[in-house]
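Each remark here refers to the structure printed beneath this line.
Protein chains: 2
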Amino acid sequence: MERTQSGRTGKGPGRGTYAVGDERRRRILDAAVEHFAQWGFHASSLARIAKDVGITQGGLLHHFRSKEDLLVQVLARIDEYDEERFFSRDFDSAAECLTTVLRLAEHNSTRLERTRMFNVLAAEAGDPAHPAHAYFTARYAKLVEHLSGTLRRAVAAGELGAGTDPVGVAHELAAVMDGLQLQWVLNPAGFDMTGRLRAYLDRLMRTLTADGSGLPAEN
Amino acid sequence: MERTQSGRTGKGPGRGTYAVGDERRRRILDAAVEHFAQWGFHASSLARIAKDVGITQGGLLHHFRSKEDLLVQVLARIDEYDEERFFSRDFDSAAECLTTVLRLAEHNSTRLERTRMFNVLAAEAGDPAHPAHAYFTARYAKLVEHLSGTLRRAVAAGELGAGTDPVGVAHELAAVMDGLQLQWVLNPAGFDMTGRLRAYLDRLMRTLTADGSGLPAEN
DNA sequence: GTCTATAACCGGATAGAC
DNA sequence: GTCTATCCGGTTATAGAC
């Protein structure tokens, strides 16, 4: 949604390298996000997705060779944002990292459909035969590695106490984010996801830091 | 799975009140849990569920008037365990309540299919049109109410510090449980869900208690 | 690049035989 | 209580016209 250029390697059925303004393709991906969000993968239908874009199912399959291919492209697309803002960064401190995590959640709280899709697919992908199983196991591994690495450095630098369990906290952090998203999607208007995450992160920092300081004040 | 008698009000198509040994019905529900776990609701098929039980789709619909009815009965069935062990209890302390929560997670970690189903349905139910939407919103409300009520009493009793936010912590607790379940289902062998929850609960108690004590030692 | 047509199948629900 | 038959509709994917 944010980037449109970055890593588009161009693997549609017709193909070659795509022209920059591949508008149709982009609109199909956006529609697919909404459908996978509401129906999950299995129960979504190419015809209904195509209809939302204003083409037929046959027309859609000109851009994506199969339904599974469409899912993979959707996941790759979604990754672009988090990749840029989070995974590709080296944080100077745990505080900075957690502040960024909070920013990510804030961002997610403006995109109900996308977040719902993520919830549904992450849950469906628990089945090893699900086409997104590999994606999600890899994603969690990457997330935990990135978080725990940052925490480990923060311990070494004296920002966090020596008793901190970097890998354990990383898993817990991932769990809180996902769990809060689940509750928020069920009741978007009545649940303050960002506020809850801020409270958690602040208490987490107070518990782990040597001097008992929480998140920086401006958060 | 544990209770077979309790609240069976008997609303099958043929019906009346069921005989105690309604074996067929029980086996259909068990099979349905597995299918909803792997496929979610929309993508599950009555014919495949029936096949697992050894009957046809038509035969299955003699016991449950529709697919949606089957889902509702499955959810009611799942509730029996948590209802008895958790929701119907009044806890004397936060420590006892959280210990029970840990027991529930331990129990879930022996039932991959059931837990996966719960994850998928909770995520799918984010769609207000999903047949389980009302069930899950009500379930979270009940969970948060029960947890926060226990925490509030613990604050009043001096077990937890006055700065504790009962409702906030209740939401957070629910999030951690769900999020850890999500990660566990993706990687059941490589992820110690119970251990992670124990670490979280212990740190939570240490942070919230006036005297800095964690969970009771035997956990 | 998009369409229509079609192949080959699967979905839930109902009706009626046994 | 379970089966078979049937209705009517939906599914992905392919083929070929334009």
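Line by line, the protein sequences give chains A and B. For the first sequence, numbering that gives the first Met the number 0 gives the first residue as 0, with consecutive numbering after it. For the second sequence, numbering that gives the first Met the number 0 gives the first residue as 0, with consecutive numbering after it. Beta carbons are placed, not taken as given, at the ideal position from N, Cα and C, and that holds for glycine. None of these values were measured; they are calculated from a predicted model.
Given that a residue counts as buried once 16 or more other Cβ atoms are within 10 Å of its Cβ, and exposed if not, what is A30/A?
-> Flag for A30/A reads buried.
Could you confirm whether any beta carbon from chain A is found closer than 8 Å to the beta carbon of G20/B?
-> Unreliable placement is indicated for G20/B, whose pLDDT of 47 sits below 50; no coordinate value is reported for it.
Inter-residue spacing [alpha-carbon to alpha-carbon] between A46/B and V119/B | Linking A46/B to V119/B through their CA atoms gives a straight-line distance of about 20 Å.
Is the shortest distance between the beta-carbon of F135/B and the beta-carbons of chain A less than 8 Å?
-> Closer than 8 Å to some Cβ of chain A, the Cβ of F135/B qualifies, so yes.
Listed by chain order, chain B residues near T163/A by CB distance under 8 Å = Under the 8 Å cutoff, chain B gives no residues; its nearest Cβ is about 10 Å from T163/A.
Show which residues of chain B have a CB atom less than 7 Å away from the CB atom of Y199/A.
-> Correct list: E171.
Just checking, does the segment 23–41 of chain A make contact with the segment 81–92 of chain A on the three C-beta pairs under 8 Å criterion?
-> Three or more beta-carbon pairs separated by less than 8 Å are not found between the segment 23–41 of chain A and the segment 81–92 of chain A, which leaves the two stretches without contact.
Can you name the residues of chain A whose CB is closer than 7 Å to the CB of V184/B?
-> One finds G125 in chain A with Cβ atoms closer than 7 Å to the Cβ of V184/B, taken in chain order.
Rounded distance between the beta-carbons of W183/A and M176/A, thought under 8 Å = The Cβ separation is near 11 Å, so there is no contact.
Can you tell me the Cα-Cα spacing of P127/A and T114/B, whole angstroms?
-> Between the alpha carbons of P127/A and T114/B lies a gap of roughly 15 Å.
Quick one: grab the DSSP three-state call for H136/A.
-> Residue identity check: residue 136/A is Thr in the sequence provided, not His. Under the three-state reduction of DSSP output, T136/A falls in the helix class.
Closer than 8 Å to chain A by CB, V119/B | Yes, V119/B counts as interfacial toward chain A.
Distance between beta carbons of L172/B and L146/B, contact taken as under 8 Å = With a contact defined as Cβ atoms closer than 8 Å, L146/B and L172/B qualify at about 6 Å.
Where in the segment 62–111 of chain A do unbroken runs of the alpha helix (DSSP H), each at least 4 residues long, occur, reported from the N-terminal end onward?
-> Listed in chain order, the complete alpha helix (DSSP H) runs (minimum 4 residues) inside the segment 62–111 of chain A are 66–81 and 93–107.
Starting from the N-terminal side, write out each stretch of the alpha helix (DSSP H) that is 4 residues or longer and does not extend beyond the segment 156–196 of chain B.
-> The qualifying runs are 165–185.
Could you name the residues of chain B that H41/A contacts, counting a contact when the two beta carbons are closer than 8 Å?
-> Under the 8 Å cutoff, chain B gives W38, G39, H41 and A42.
Counting contacts by CB-CB distance shorter than 8 Å, is R195/A in contact with chain B?
-> At least one chain B Cβ lies under 8 Å of R195/A.
Buried or exposed: where does G20/B fall if 16 or more other Cβ atoms within 10 Å of its Cβ makes it buried?
-> Bear in mind that the predicted position of G20/B carries a pLDDT of just 47, short of 50, making it too unreliable to give a figure here.
Contact the segment 71–79 of chain A vs the segment 156–165 of chain B: 3+ CB pairs below 8 Å = Remark: fewer than three beta-carbon pairs, one from each stretch, lie closer than 8 Å, so the segment 71–79 of chain A and the segment 156–165 of chain B are not flagged as touching.
Nearest-angstrom Cα distance between E33/A and E112/A?
-> For E33/A and E112/A, the distance between alpha carbons rounds to 5 Å.
Neighbour-count burial assignment, G125/A, 16 or more Cβ in a 10 Å radius = With 16 or more Cβ atoms within 10 Å of its Cβ, G125/A is classed as buried.
Might you give, ordered along the chain, the residues of its own chain that have their beta carbon closer than 6 Å to the beta carbon of D201/B, omitting 5 neighbours on each side?
-> In its chain, beyond the 5 residues on either side, G213 and L214 have a beta carbon closer than 6 Å to the beta carbon of D201/B.
Work out the CA separation of A93/A and A155/A for me, nearest whole Å.
-> Annotation: A155/A to A93/A spans about 11 Å, alpha carbon to alpha carbon.
For the segment 203–215 of chain B, enumerate the residues whose C-beta is nearer than 8 Å to any C-beta of chain A, in chain order.
-> Listed by position along the chain: R205 and T206.
Could you tell me how far apart the beta carbons of R138/A and G167/B are, in whole angstroms, since I believe they sit closer than 8 Å?
-> Here R138/A is actually not in contact with G167/B; their C-beta atoms are around 28 Å apart, not less than 8 Å.
So what does DSSP say about T208/B, is it helix, strand or coil?
-> DSSP places T208/B in the strand class (E or B) of the three-state scheme.
Using three-state DSSP, classify L203/B as helix, strand or coil.
-> L203/B falls in the helix class under three-state DSSP.
In three-state DSSP terms, what is G20/B?
-> At G20/B the pLDDT is 47, less than 50, meaning the model places this residue with poor confidence and gives no usable figure here.
At 8 Å on the CB atoms, spell out the chain A contacts of R151/B, in chain order.
-> Scanning chain A for C-beta atoms nearer than 8 Å to the C-beta of R151/B yields nothing, as the closest lies near 17 Å away.
Hey, does G167/A have any beta-carbon neighbour from chain B nearer than 8 Å?
-> Closer than 8 Å to some Cβ of chain B, the Cβ of G167/A qualifies, so yes.
When M204/A, Q72/A and A174/A are compared against R24/A, the one with the closest alpha-carbon | With distances taken between CA atoms, R24/A lies nearest to Q72/A out of M204/A, Q72/A and A174/A.
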